[in-house]
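K.L.:
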Amino acid sequence: MKAELVLKVVLPPLIIFAILVALTICKVISGWSMYILWILGFVIANLLVTRVTAKWSFQRRKQQRLQEKKGKKNE
């Protein structure tokens, strides 16, 4: 994996959860709002990671198809 992709996958969830941890420790959020924000944080982080990895996977498959087409044309 490229370092750029790793950063795109790791950084957004890290930021989201760092903010949630800080807000929880400072007791800015508590009770039901804390539960709801943590669940939303997990959902958003999961969607971001899925989007980045799906985009990367799609581009990789597209490159493989192009290479296969070039290989067939050369034969």
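Using full-length UniProt numbering, the first residue of the sequence shown is number 1, and each one after it goes up by one.
By construction, the Cβ of each residue, glycine as well, lies at the ideal position given by its N, Cα and C atoms.
Could you give the distance in angstroms between the alpha-carbon of SER33 and the alpha-carbon of LEU14?
P.N.:
One C-alpha to the other measures close to 20 Å.
K.L.:
Taking the continuous alpha helix (DSSP H) assigned at ILE16, which residues delimit it?
P.N.:
It spans 3 to 25 - the alpha helix (DSSP H) in which ILE16 sits, taken as one unbroken run.
K.L.:
Do ALA54 and PHE17 have their CB atoms nearer than 9 Å?
P.N.:
No, they are not a contact pair.
K.L.:
Report the three-state DSSP secondary structure of ILE29 (helix, strand or coil).
P.N.:
Residue state, collapsed to three classes: coil.
K.L.:
Compare the beta carbon distance of VAL9 and VAL52 with 9 Å and say whether it is the shorter of the two.
P.N.:
Yes, the Cβ-Cβ distance between VAL9 and VAL52 is below 9 Å.
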